[in-house]
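Numbering (numbering that gives the first Met the number 0), first residue to last: 0 to 516.
First up is the structure itself, then whatever we jot down about it.
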Amino acid sequence: MRWTSLRLRLAFVFALVALTAAVSASGIAYWLNRNTVLDRTQNAVLKDFRKALEDSTRSLPPRPRCAELQDAARQIAGGPQNYAVLLIGTNRDGKACAATTDKDLLTLKSVPTALQKAVNEARRVDESNRYSHHLYWQRKEVGDAPYLVAGAKVIGGGPTGYMMKSLATERQDLNSLAWSLGIATALALVGSALLAQAAATTVLRPVQRLGEAARQLGEGRLDTRLRVTGTDELADLSRTFNRTAERLEQRVEELSAREAASRRFVADMSHELRTPLTAITAVSEVLEEEQDSLDPMIAPAVQLVVSETRRLNDLVENLMEVTRFDAGTARLVLDDVDVADQVTACIDARAWLDAVDLDADRGIVARLDPRRLDVILANLIGNALKHGGSPVQVSVHTEDAEDREDAEDGEQRGGELVIRVRDNGPGIPEEVLPHVFDRFYKASASRPRSDGSGLGLSIAMENAHIHGGGITAANRPEGGAEFTLRLPRDASRLTDGGQGEGRKDGGAADQGTEGDR
0 MRWTSLRLRL AFVFALVALT AAVSASGIAY WLNRNTVLDR TQNAVLKDFR KALEDSTRSL
60 PPRPRCAELQ DAARQIAGGP QNYAVLLIGT NRDGKACAAT TDKDLLTLKS VPTALQKAVN
120 EARRVDESNR YSHHLYWQRK EVGDAPYLVA GAKVIGGGPT GYMMKSLATE RQDLNSLAWS
180 LGIATALALV GSALLAQAAA TTVLRPVQRL GEAARQLGEG RLDTRLRVTG TDELADLSRT
240 FNRTAERLEQ RVEELSAREA ASRRFVADMS HELRTPLTAI TAVSEVLEEE QDSLDPMIAP
300 AVQLVVSETR RLNDLVENLM EVTRFDAGTA RLVLDDVDVA DQVTACIDAR AWLDAVDLDA
360 DRGIVARLDP RRLDVILANL IGNALKHGGS PVQVSVHTED AEDREDAEDG EQRGGELVIR
420 VRDNGPGIPE EVLPHVFDRF YKASASRPRS DGSGLGLSIA MENAHIHGGG ITAANRPEGG
480 AEFTLRLPRD ASRLTDGGQG EGRKDGGAAD QGTEGDR
């Protein structure tokens, strides 16, 4: 259970509320019972002591002897309250006499000084105060035991009496009450935890089901639905989720159908165009061969027909390739490729040897699809020549995947291949950089038509992605653009069983170059 989970927070809140309520109730109950028990005991003892002191000293002479005080003290202490008594008086010889029933517990020294002062102090008698002396009491600890100490002076010249009553029984009763309240608080805490668990299960189980259904929906299982029971807010939420999922499924089906129809349309159109294009291409080639013998007035038109026919042929091939990527039918045909030889062959096949400076060591072997690598290189180098001018620098090297934090498991086994294509042109405008790999993107809106179709770099990126790599574009500080191609040296993990599959697209070996910048 996570510390931030709703179940734990709900249990914590229930426990905190229950603990607060139980502690508050127990504290109030203990305080009220404590005051009640002590007040009841104290009032009974003081009442008995006052009456016994009055009755026992009434028959004493004004200056009693010590033996008489001792007998009076024993008589006062002999009552049902079982307290110790100390009587202090003056005998006939004028000497002070102290008579106590418990010499170890109650002596004049054990009586608090403040209590003695209050007892011996005479108050003025008036309408609001009828007596000069009153009964005073105080609680004190003797050792670890609580006691009630009280004292009064007999009015009319009688002795001064003190009593000390043990409150150990009351403390024991209060301790028993405290233990009972503590156990009740603990039981309330356990009960609140169980109640929180039951509430959390009742509330969170539908939420967990909703979360699981949302995850399944996010994974593409659009037929996910929740079982709805009840009429509460969670049931309404489940119904809303089901309606949303149903509408989403319908919408995705509609969009998928439209996308499939669009792909079929592009594919069918491309295939249908290939037949007349083949005938037109053959005718245009014948016209191009006979261009020198044609009327000079007709020659420019013939040249325009030839160039546009080639451009249309390249566009159809590119559209067919894009359709294969969208349909998911593009496959890798892997082979061990010497990258330096592959780059050289790509440049030589297009007569770019004089316009490209190649920096590549032989012996760098990668397991890739050579046709798709050729398409990537042709588009990147052709784009650099078209927009940056010659010479174009092409460098090939490898990097260890351990040096990169974002390296994947496949790269950890063999590192990655890095090919950089640099030109010496004006570079790419900053507002264009994020869109150079978009389909049909043109850098200038005022120049909607160009020799390229706007698909070359997007096709190069798709071919890099199918290898598990990618392409980035940037401007160099010294001027010019730089395209960086990164591919894993071994793309076997991207094919079933680690083996290259036969190509299902039947695509052309060269997608041509496109002016996408």
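Glycine is no exception: its CB is placed at the ideal position from the N, C-alpha and C atoms.
Residues near residue i by beta carbon distance below 8 Å, same chain, minus five either side
| i | result |
| --- | --- |
| Gly426 | Asn474, Arg475, Gly478, Gly479 and Ala480 |
| Val16 | Ser191 |
| Gly156 | Pro61 |
| Val536 | Shown here, the chain extends from 0 to 516; a query on residue 536 therefore has no answer. |
| Asp358 | Gln392, Val393, Ser394 and Val395 |
Contact set for residue i: own chain, Cβ-Cβ below 7 Å, skip 5 residues either direction
| i | result |
| --- | --- |
| Ala472 | Ile427, Leu432, Val435, Ala480 and Phe482 |
| Arg62 | Thr89, Asn90 and Arg91 |
| Glu407 | Confidence in Glu407 is poor, its pLDDT being 49 and thus under 50, which makes the residue's placement too unreliable to answer from. |
| Gly414 | Thr397, Glu398, Asp399, Ala400 and Arg488 |
| Leu276 | Leu311, Asn312 and Val315 |
| Ser165 | Ala144 and Tyr146 |
| Leu134 | Leu45, Arg49, Ala149 and Ala151 |
Endpoints, alpha helix (DSSP H) assigned at residue i
| i | result |
| --- | --- |
| Gly190 | Ala167 to Gly217 |
| Gly387 | Pro369 to Gly387 |
| Gln341 | Val338 to Ala348 |
| Lys116 | Thr112 to Asn119 |
| Gly455 | Gly455 to Ile465 |
| Asp70 | Cys65 to Ala76 |
Residues of its chain near residue i, where Cβ-Cβ distance is below 6 Å and the 5 sequence neighbours each way are ignored
| i | result |
| --- | --- |
| Val141 | none |
| Val124 | Ser131 |
| Val12 | none |
| Leu18 | Leu188 |
| Tyr161 | Leu85, Val110 and Gly150 |
| Leu486 | Leu416, His466 and Gly468 |
| Ser457 | Phe436 and Arg438 |
| Glu126 | none |
Counted within 10 angstroms of its Cβ, other Cβ atoms place residue i as buried (16 or more) or exposed
| i | result |
| --- | --- |
| Val374 | buried |
| Ser23 | exposed |
| Thr200 | exposed |
| Ala195 | buried |
| Arg446 | Reliability fails at Arg446, whose pLDDT of 40 lies under 50, so the model's placement of it is uncertain and no value is given. |
| Leu107 | exposed |
| Leu186 | exposed |
| Ala10 | buried |
| Trp351 | buried |
| Met163 | buried |
| Pro299 | exposed |
| Val251 | exposed |
| Asp38 | exposed |
| Asn462 | buried |
| Thr168 | exposed |
| Ala459 | buried |
| Glu271 | exposed |
Beta-carbon proximity check, residue i vs residue j, cutoff 8 Å
| i | j | result |
| --- | --- | --- |
| Ala98 | Gln69 | yes |
| Ala192 | Ala14 | yes |
| Asp356 | Ala339 | no |
| Leu484 | Leu379 | yes |
| Ala490 | His464 | no |
| Arg349 | Ala383 | no |
| Arg488 | Arg366 | yes |
| Thr184 | Val118 | no |
| Leu225 | Arg208 | yes |
| Ala83 | Leu104 | yes |
| Ala51 | Leu59 | no |
| Ile297 | Asp337 | no |
| Ala354 | Pro295 | no |
| Thr322 | Arg262 | yes |
| Gly387 | Asp422 | yes |
Delimiting residues of the beta strand (DSSP E) encompassing residue i
| i | result |
| --- | --- |
| Gly332 | Note on residue identity: the sequence assigns Val, not Gly, to residue 332. From DSSP, Val332 is part of no beta strand (DSSP E); its letter is neither H nor E. |
| Gly229 | No beta strand (DSSP E) contains Gly229, which DSSP labels as neither H nor E. |
| Glu140 | Tyr135 to Val141 |
| His132 | Careful: His132 lies outside any beta strand (DSSP E) and carries neither H nor E. |
| Asp358 | Val355 to Asp358 |
| Glu398 | Val391 to Glu398 |
| Leu483 | Looking at the sequence itself, residue 483 is Thr, so the reference to Leu does not match. From DSSP, the beta strand (DSSP E) with Thr483 extends over Ala480 to Pro487. |
| Pro145 | Ala144 to Lys152 |
| Ile87 | Ala83 to Thr89 |
| Glu415 | Glu415 to Arg421 |
| Ala490 | No beta strand (DSSP E) contains Ala490, which DSSP labels as neither H nor E. |
is_contact[residue i, chain D] using C-beta, thresh 8 Å
| i | result |
| --- | --- |
| Pro433 | Of the protein chains in the structure, only one exists, and it is not chain D. |
Best match in the options for proximity to residue i [C-alpha to C-alpha]
| i | options | result |
| --- | --- | --- |
| Asn81 | Leu45, Ser179 and Cys65 | Leu45 |
| Leu31 | His386, Leu176 and Val336 | Leu176 |
| Glu248 | Phe324, Gln171, Gly468 and Asp222 | Asp222 |
| Cys65 | Thr100, Gly78, Arg138 and Tyr29 | Thr100 |
| Trp178 | Ala344, Tyr29 and Asp368 | Tyr29 |
| Thr280 | Glu53, Thr308 and Glu126 | Thr308 |
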